[in-house]
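Comments concern the structure below.
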Amino acid sequence: MGILIALIPALGWGVQPVILGKIGGKPTNQILGTGVGALIVGILVQMFTSPSSLSWQAFAISMLAGMAWVLGQVGQYKVLPILGVSQTMPLTTGLQLIGTSLIGVIFFGEWSGVISKVGGFAAIALIVIGSVLTSYTEGGNRSDGLYRGLAILVPTSIGYWIYSALPKTLSASGLSMFLPEMIGVFLGAVIYVLITDPKAVKARTSWLSMIIGLTFSISALAYIYSAKANGVATAYIITQLNVVVATLGGLVVLHEHKTRRELILTLSGLVLIVAGSIVTVFL
125 MGILIALIPA LGWGVQPVIL GKIGGKPTNQ ILGTGVGALI VGILVQMFTS PSSLSWQAFA
185 ISMLAGMAWV LGQVGQYKVL PILGVSQTMP LTTGLQLIGT SLIGVIFFGE WSGVISKVGG
245 FAAIALIVIG SVLTSYTEGG NRSDGLYRGL AILVPTSIGY WIYSALPKTL SASGLSMFLP
305 EMIGVFLGAV IYVLITDPKA VKARTSWLSM IIGLTFSISA LAYIYSAKAN GVATAYIITQ
365 LNVVVATLGG LVVLHEHKTR RELILTLSGL VLIVAGSIVT VFL
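Under this note's numbering, the residues of the sequence shown are numbered 125 to 407, in order.
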């Protein structure tokens with residue numbers, strides 16, 4: 125049963141961009157729907173699980189983490205139409221893993237000891253090489269798209285790093301932080317939409333995109349239970365399969381085209397990214 129729970133976030137986060145590709149819409153539509161769906165699940169979880177209460181400081185920090193996640197997700201939504209799912213997801217996953225690993229080392233004292241640091245930076249090297257392989261394109265126009273995509277993904281990935289790092293400053297359980305994080309996702313989405321495209325509130329695709337919010341938040345909840353049932357290391361490793369699911373989904377379901385060389389390098393890069401993420405867990 126524990127492994128089945130662990131597969132929920134791997135599949136859920138993996139199919140998110142594929143579903144998004146089918147729904148369509150602008151990033152403002154997509155992030156608004158995501159925020160609404162996340163808030164609904166957050167409220168339901170609070171009602172039916174009654175987790176322990178948080179101090180107002182912990183509540184605020186958890187909410188800020190959710191708002192930071194919106195920054196990273198908006199960047200991803202902006203790049204998906206440029207690069208496609210099969211290229212965007214390995215790149216954004218690589219950036220998330222590199223950033224969160226380095227923050228863990230610098231600010232939280234992770235990878236203590238020489239052997240751990242050597243192994244950790246070797247893992248980062250694997251992730252970097254894997255990301256480079258998945259980003260390989262043949263043809264000048266497609267290379268231009270890669271540069272535009274990276275120009276968006278690199279700075280917005282800071283939001284994902286903050287989302288991952290802030291909860292580490294708290295001693296509260298993941299279930300206790302779940303609702304305030306989802307509130308933060310909702311507020312961040314609403315603020316972004318009101319500033320950039322208020323008309324998105326009335327768009328049909330905004331409400332269809334609630335499916336993404338439901339998928340994201342249910343997967344996040346399943347990860348919390350998976351970490352309890354399987355241990356953090358096992359839960360995290362299985363979750364990393366989401367990048368494989370997303371990439372293959374982009375190729376098979378959305379029919380994204382890759383040349384033979386691009387396909388071989390993409391699949392090879394995926395193996396390195398997953399391998400690098402697994403190494404970081406055991407340090």
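The beta carbon of each residue, even a glycine, is placed where N, CA and C say it ideally should be.
Bear in mind the structure is a predicted one, so any value in this text is a computation, not a measurement.
* Coarse secondary structure for Pro-175, derived from DSSP in three states -> Here residue 175 is taken as the residue at index 51 of the sequence shown, counted from 1. Coil.
* **At least three beta-carbon pairs within less than 8 Å, the stretch 183-194 to the stretch 243-250** => no
* Should Ser-210 be labelled buried (16 or more other beta-carbon atoms within 10 Å of its own) or exposed? -> Reading the sequence shown from its first residue, position 86 is the one you call residue 210. With 16 or more Cβ atoms within 10 Å of its Cβ, Ser-210 is classed as buried.
* Could you give the DSSP three-state label for Trp-193: helix, strand or coil? => For the purposes of this step, residue 193 is taken as residue 69 along the sequence shown, with counting starting at 1. Residue state, collapsed to three classes: helix.
* Quick one: give me the first and last residue of the alpha helix (DSSP H) that Gln-364 is part of. => On the sequence shown, residue 364 is found 240 positions in, with the first residue counted as 1. Element bounds for Gln-364: n/a, residue is neither H nor E.
* Span of the alpha helix (DSSP H), counted from its first residue to its last, around Thr-390 -> As a position in the sequence shown, residue 390 is number 266, starting the count at 1. Per DSSP, Thr-390 belongs to the alpha helix (DSSP H) from 384-405.
* Is the shortest distance between the beta-carbon of Val-367 and the beta-carbons of chain C less than 8 Å? -> Within the model displayed, chain C is absent; a lone protein chain is all it includes.
* In chain order, what residues of the same chain have a beta carbon less than 7 Å from the beta carbon of Phe-310, not counting five sequence neighbours either side? -> Taking the sequence shown and counting its residues from 1, one reaches residue 310 at position 186. Excluding residues within five positions, the ones whose Cβ falls inside 7 Å are Gly-159, Val-160, Ala-162 and Leu-163.
* Going by Cα to Cα distance, which pick from Leu-365, Leu-391, Lys-323 and Arg-384 is closest to Gly-149? -> The residue labelled residue 149 in the question sits at position 25 within the sequence shown. The shortest C-alpha separation from Gly-149 is found at Lys-323.
* **With 16 other Cβ atoms within 10 Å as the buried cut-off, status of Ile-397** => As a working note, residue 397 is residue 273 in the sequence shown. By the 10 Å Cβ count, Ile-397 comes out buried.
* Assuming Thr-217 contacts Val-203 under a Cβ cut-off of 8 Å, what Cβ separation, rounded to an integer in Å, is found between them? -> Taking the first residue of the sequence shown as position 1, residue 217 is located at position 93. Taking the first residue of the sequence shown as position 1, residue 203 is located at position 79. Wrong, their Cβ atoms sit about 13 Å apart, outside the cutoff.
* What three-state label does DSSP hand Glu-380 in the structure shown? -> As a first step, residue 380 is located in the sequence shown; it is residue number 256 there, counting from the start. DSSP places Glu-380 in coil when its eight states are reduced to three.
* When the Cβ atoms of the stretch 187-197 are set against those of the stretch 351-358, are three or more pairs found closer than 8 Å? -> no
* How would you write the range of the alpha helix (DSSP H) that Gly-308 sits in, first residue to last? -> The sequence position of residue 308 within the sequence shown is 184, counting from 1. First-last of the alpha helix (DSSP H) with Gly-308: 298-320.
* Secondary structure of Gly-374, DSSP reduced to three states -> Within the sequence shown, residue 374 is the residue found at index 250, counting from 1. DSSP places Gly-374 in helix when its eight states are reduced to three.
* Asked: Do the CB positions of Gly-138 and Val-369 come within less than 8 Å of each other?
  -> As a position in the sequence shown, residue 138 is number 14, starting the count at 1. As a position in the sequence shown, residue 369 is number 245, starting the count at 1. Yes, these two residues count as a Cβ contact at 8 Å.
* Leaving out five residues before and five after Leu-270 in sequence, what residues of the same chain have Cβ atoms less than 7 Å from its Cβ? -> Taking the first residue of the sequence shown as position 1, residue 270 is located at position 146. Excluding sequence neighbours, Leu-270 sits near Leu-207, Ser-259 and Thr-261.
* Asked: Smallest Cα separation from Ile-167: which of Leu-215, Phe-232, Trp-331 and Glu-305?
  -> Within the sequence shown, residue 167 is the residue found at index 43, counting from 1. Among Leu-215, Phe-232, Trp-331 and Glu-305, the Cα nearest to that of Ile-167 belongs to Glu-305.
* To do: Grab me the residues of Glu-380's own chain with a C-beta within less than 6 Å of its C-beta, minus the 5 sequence neighbours each way, in chain order.
  => Within the sequence shown, residue 380 is the residue found at index 256, counting from 1. Correct list, in chain order: Gly-208, Ser-210 and Gly-374.
* With a cut-off of 8 Å on the beta carbons, I'd call Ile-348 and Leu-299 a contact; round off their distance for me. => Counted from its first residue, the sequence shown places residue 348 at position 224. Counted from its first residue, the sequence shown places residue 299 at position 175. The Cβ separation is near 6 Å, so the contact holds.
* If you drop the 5 nearest sequence neighbours on each side, which residues of the same chain put their C-beta closer than 6 Å to that of Thr-390? -> Counting from 1 along the sequence shown, the entry for residue 390 is found at position 266. These residues qualify, in order along the chain: Thr-258.
* Asked: Any idea what DSSP makes of Tyr-260, helix, strand or coil?
  -> What you label residue 260 is simply residue 136 of the sequence shown in a count that begins at 1. Three-state result, Tyr-260: coil.
* Assigned secondary structure, Lys-150 (DSSP; H/G/I helix, E/B strand, else coil) -> In the sequence shown, residue 150 corresponds to position 26, counting from 1. Lys-150 falls in the coil class under three-state DSSP.
* Of the listed residues Leu-290, Val-325 and Pro-214, nearest to Ser-255 (C-alpha basis) -> Taking the sequence shown and counting its residues from 1, the one referred to as residue 255 is at position 131. The residue with the shortest Cα to Cα distance from Ser-255 is Pro-214.
* **CB contact flag (Leu-407, Gly-243, <8 Å)** => In the sequence shown, counting from the first residue as 1, residue 407 sits at position 283. In the sequence shown, counting from the first residue as 1, residue 243 sits at position 119. Contact flag set, yes.
* In this structure, does DSSP put Ala-337 in helix, strand or coil? -> Along the sequence shown, one-based indexing puts residue 337 at 213. Rather than Ala, the amino acid found at residue 337 in this sequence is Gly. If DSSP states are grouped into helix, strand and coil, Gly-337 belongs with the helices.
* **Cβ neighbours of Gly-98 in the same chain (closer than 8 Å, five flanking residues each side left out)** => The question about residue 98 has no answer here: the residues shown for the chain are numbered 125 through 407.
* Asked: Would a C-beta distance cut-off of 8 Å place Ala-189 and Tyr-287 closer than the cut-off?
  -> As a working mapping, residue 189 is identified with position 65 in the sequence shown. As a working mapping, residue 287 is identified with position 163 in the sequence shown. Going by C-beta atoms, Ala-189 is nearer than 8 Å to Tyr-287.
* Kindly list the residues whose CB is nearer than 6 Å to the CB of Leu-156, restricted to its own chain and excluding five residues on each side of it in sequence; keep chain order. => As a position in the sequence shown, residue 156 is number 32, starting the count at 1. For Leu-156, where only same-chain residues beyond five positions count, the Cβ hits under 6 Å are Ala-313, Val-317, Ala-324 and Ser-330.
* Nonlocal neighbours in the same chain, by C-beta distance under 7 Å from Val-198, ignoring five residues either side -> Position 74 of the sequence shown, counting from 1, holds the residue named residue 198. Around Val-198: Pro-151, Ile-155, Thr-280 and Tyr-316.
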